[in-house]
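In this text, residue positions in the sequence shown follow my numbering: the first is 1479, and each later residue adds one.
From the three backbone atoms N, C-alpha and C, an ideal C-beta is built for every residue, glycine too.
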Amino acid sequence: MSPDELLARLRPWRERHQRTAYVPQLGAGPSPSRFGGRPDMAEGDEWPTCAGCERPMLFVFQLDLETSPADLGTGRIQLFYCPTDDGSCETWAPFAGANEARWSQGPASSRALPGGTEMLTERSIVGWESVSEFPHPEEHEWLGLTYHYDFRANTVRIVCPELGFDESGLDIEACSAELIGLPADRDKLLGWPRFVQGMNYPGCPRCGEPLTYLFQIDSEVGTDLMFGDVGIGHIMRCEAHPDVLSFAWDCH
Ligand SMILES: [Zn+2]
Ligand SMILES: [Zn+2]
C-alpha cells in the first residue's frame, strides 16, 4: 500500500481528529499578546517567586484571550519561569513551583519588573497563521489507531477498528505514524501538542482530570529561553477549573 493510499483509507480518522493551530506572527509595536517585555497585571496580581531558589521569576509570555483567534473567554494567560538555569530548580515540572502559568483577569496595566530581574526580549504577537494538524504518534493508540512493528521484516501492521482497517506488511518507513500525524514543533496556540519524550497531560490537582493543552512554546523562537536541550514546553488548563494551569517541558 502506498503512503497516499494509506492516508486516503485513514481519512475519516484524520478528519475526526484534525485541529487548527495558530502560529504567532512576531513583530514590533504594542500588542496585548507577547513574549518577554513586561506583563500586564491586574490589581492584586503578585509577582511570582520560585519555590526553589526564592528569586523573582522571569516573565516569559502573555496571551490575551479576548483578542486571540480562538474562543477562549476573557482575561490573559501568563507564564513566569525560574531565573536559575542550573538544574537545581525543577523548571520542567508542572506544579513544582519553579514555573507559574496563571490566568489573570480584570483591568490590567504594565507592571515594572522587580529589581534585579532580567527582562526577556519583547516580541509582540501581531497576527496568527492557521495551520491544520493531526495528533502526535504518542496519542494514536489512545485515539484508536495501533501499530504492530516487525523490525526484522521492516514492516508494520496498522489497525483502526472504527474504520474496519487492518493492514499488514506495510513499509515501516513509508507508512510511518509520523506520516499519519505529526504536529508542528514551533510556538503555537491550540492544535495538537508536539511531545518530545511521550504523551504528558498533567492531572488537575483539584479534580484529578487530565488538563487540556492550550499553548506550546518552543526553545528560542518567541522566547529567549532554552528549555533543556532545545526542549518544547506546554501550557495546559483544566476545563472545569479555568484558573488551574500548568507548564511543563521536555527535551531529548
Ligand atoms: Zn528557582
Ligand atoms: Zn480541575
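Verify the contact flag: R1533, CB atom, against every heavy atom of ligand 1, threshold strictly below 7 angstroms. Under cutoff, so the answer is yes.
Considering only DSSP beta bridges, list what W1620 is partnered with. Answer is none; W1620 lacks a bridge partner.
In terms of residue numbering, what span does the beta strand (DSSP E) encompassing R1554 cover? R1554 to Y1559
Does V1538 pass the burial test, meaning 16 or more other C-beta atoms within 10 Å, or should it be called exposed? Label assigned to V1538: buried.
Can you grab the Cα-Cα spacing for the pair Y1625 / I1603, in whole Å? In a straight line, the C-alpha of Y1625 is about 39 angstroms away from that of I1603.
Nearest-angstrom Cα separation, counted from G1584 out to R1523: According to the sequence as given, residue 1523 is Asp; it is not Arg. Distance between the alpha carbons of D1523 and G1584: 10 angstroms.
Under 7 angstroms from any heavy atom of ligand 1, does the C-beta of A1576 make it? The answer is yes for A1576.
For a minimum of 4 consecutive residues, which ranges assigned as the alpha helix (DSSP H) are wholly contained in the stretch 1576-1623? 1615-1618
Looking at the secondary structure, which residues open and close the beta strand (DSSP E) in which I1658 lies? No beta strand (DSSP E) contains I1658, which is instead part of the alpha helix (DSSP H) from A1655 to I1658.
Give a yes or no on contact between the stretch 1481-1489 and the stretch 1648-1655, applying the rule of three or more CB pairs nearer than 8 angstroms. yes
Evaluate contact between the stretch 1608-1618 and the stretch 1665-1677, counting only Cβ atoms and requiring at least three cross-stretch pairs below 8 angstroms. Short answer: they touch.
Less than 8 angstroms between the beta carbons of P1680 and M1704, yes or no? no
For E1544, which residues from the same chain have a beta carbon less than 7 angstroms from its beta carbon, with the 5 sequence-adjacent residues on both sides left out? T1552
Name the residue from E1687, L1621 and V1699 whose alpha carbon lies nearest to the alpha carbon of E1638. For the sequence presented, residue 1638 should be read as Cys rather than Glu. Taking only the C-alpha atoms, the option nearest C1638 is L1621.
In chain order, what residues of the same chain lie with their CB nearer than 7 angstroms to the CB of E1532, ignoring the 5 residues before and after it? Within the same chain, E1532 has no close Cβ partners at all.
What do you get for Q1503, buried or exposed, if any count of 16 or more other CB atoms within 10 angstroms of its CB means buried? exposed
If we require 3 or more residues per run, which beta strand (DSSP E) segments fall completely within the stretch 1662-1722? 1666-1668, 1690-1696 and 1710-1715
Got a sec: does ligand 2 put a non-hydrogen atom nearer than 7 angstroms to the Cβ of E1687? yes
Assign D1644 to one of three DSSP states: helix, strand, or coil. strand
Taking the alpha-carbon positions, what's the Y1500 to G1711 distance? Taking the straight line from one Cα to the other gives about 16 angstroms.
Is T1562 a contact residue of ligand 1, with contact defined as CB to any heavy atom under 7 angstroms? yes
In three-state DSSP terms, what is R1635? Three-state DSSP puts R1635 in a strand.
What's the call for S1610, buried or exposed, on a 16-neighbour Cβ count within 10 Å? exposed
Starting from the Cα of H1730, find the closest Cα among G1530, W1525 and W1570 and give me that residue. From the listed residues G1530, W1525 and W1570, the smallest Cα separation to H1730 is found for W1570.
Give the straight-line distance between the Cα atoms of W1727 and P1561, rounded to the nearest whole angstrom. C-alpha of W1727 to C-alpha of P1561: approximately 15 angstroms in a straight line.
G1507 to F1643, Cα distance in whole Å? 51 angstroms
So is the beta-carbon of E1716 under 7 angstroms away from any non-hydrogen atom of ligand 1? Inspection of the sequence shows that residue 1716 is occupied by Cys rather than by Glu. Because no heavy atom of ligand 1 lies under 7 angstroms away, the Cβ of C1716 does not count as near it: no.
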